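Residue 58 in the UniProt record's numbering is what sits at position 58 of the sequence shown, and the numbering runs on without skipping anything. Idealized CB from N, CA, C, for every residue including glycine. Computed from a prediction, not measured in an experiment: that's the story for all the values here. So the structure is just underneath, and the comments pick up after that.
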Amino acid sequence: MMLERFVFRRDDDDDEDGSGSSVFPDEAAAPLRANSVTSLGDPFAVALLPAGPPTFSRLYVQWPRGPRSFDGSDTGTELLSAHRDLLLLSLASELSLDDSDPYRQDYFVFHAALGAGESRLTRLPACTIPIVLKLWGDDTTMDRWFNRDTIGIHCGRDHFTVLQLAKFCVSARNSVMGAELCVFRSPLSTDGSDDNVAEGKWEILTLPIQHTEEEFTDLTCWSTDATIISNVCVIWVDYHQGGILSYKPCHDDALETRPRRIIHYS
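Written out as structure tokens, the structure is:
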């Protein structure tokens with residue numbers, strides 16, 4: 001299956017132009033569907049309209065109270081990542097235009113499964129661990145904000161993992177580069193708590209990057225342009241320099257007791 005990267009927002013049930021393109025697809029057309037609420041209590045629904053290659057499958061969202069721009073286009077939903085039957089979505093709720101932080105960002109995992117009532121939406125708990133960045137030579141603490149260039153979801157055998165490449169950790173004296181990953185792990189076998197919040201907690205991993213002395217300079221100029229998910233790795237790509245970083249979030253085999261604590265550069 002090939003998935004269209006854009007989210008198709010359809011808030012109305014009425015087919016205004018008679019073509020069927022302006023309405024949220026019904027269950028017959030899109031049986032992979034689920035409902036949930038945002039952290040502010042706003043209900044919404046998602047539906048995956050499958051199609052065989054070379055046609056792209058489409059993800060639809062029905063969110064009547066979600067924000068829109070002045071021209072009516074969607075501004076609140078985004079498909080961040082997908083792996084196997086899991087899709088990672090973000091929904092940005094508008095709080096107040098007078099507020100210094102007018103949006104509330106929620107992240108949901110859509111488990112698209114065949115069978116009546118098998119598909120489900122699970123909201124990730126908010127990440128309250130701040131990120132510390134160097135700005136004009138000083139440490140500045142900020143809230144974390146996830147975008148699809150740096151974040152990905154990986155579906156393992158028993159767990160799913162959400163990972164963000166947050167920042168680099170540089171030791172210029174020793175020409176050693178590391179990276180900070182923001183990671184959330186949760187079991188696949190649960191629907192979450194009573195309010196559909198996924199089980200698990202966010203954690204920060206500061207890991208070394210395996211690189212040569214010559215590659216250190218390349219990493220100091222790194223810019224993440226995309227996140228790609230393979231069967232075993234989460235891969236971050238710098239299109240400008242042509243480099244990739246890869247990390248295995250799951251065990252290599254049944255004999256290992258924890259994931260490998262290293263990021264590979266190539």
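Note that the C-beta distance between valine 109 and leucine 80 is not below 7 Å. Three or more beta-carbon pairs drawn from the segment 226-246 and the segment 151-170 are found closer than 8 Å, and the two stretches are therefore classed as touching. Per the coordinates, the alpha-carbon of threonine 77 lies some 19 Å from the alpha-carbon of aspartate 85. Burial check for tryptophan 222: the Cβ neighbour count within 10 Å reaches 16 or more, so the residue is buried.
When only Cα atoms are considered, threonine 128 and threonine 141 end up about 12 Å apart. Nearest to glutamate 215 by C-alpha distance, out of Phe184, Val170, Ile204, Asn196, is Val170. Per the coordinates, the alpha-carbon of serine 22 lies some 48 Å from the alpha-carbon of aspartate 139. With a cutoff of 7 Å on beta-carbon distance, valine 61 and arginine 9 are scored as near each other.
For glutamate 215, the uninterrupted alpha helix (DSSP H) run begins and ends at 215-220, by DSSP.
In this structure, DSSP gives serine 119 a state outside helix and strand, which the three-state scheme calls coil. Non-local beta-carbon contacts of alanine 29 in its own chain, meaning distances under 7 Å to residues more than five positions away in sequence, involve Leu49 in chain order. By the Cβ neighbour-count rule, threonine 150 is buried, with 16 or more other Cβ atoms within 10 Å of its own. DSSP places arginine 5 inside the beta strand (DSSP E), whose first and last residues are 3-9.
DSSP, read as helix, strand or coil, puts isoleucine 235 in strand. Sequence-distant Cβ neighbours of phenylalanine 44 in its own chain, meaning closer than 6 Å and more than five residues away, are Trp63. By the C-beta density criterion, aspartate 158 is exposed, having fewer than 16 other C-beta atoms within 10 angstroms. Here the alpha carbons of asparagine 147 and leucine 165 stand approximately 10 Å from one another. Contact check for histidine 211 against tyrosine 247 fails: the beta carbons are separated by 7 Å or more.
Secondary structure of threonine 212 (DSSP, three-state): coil.
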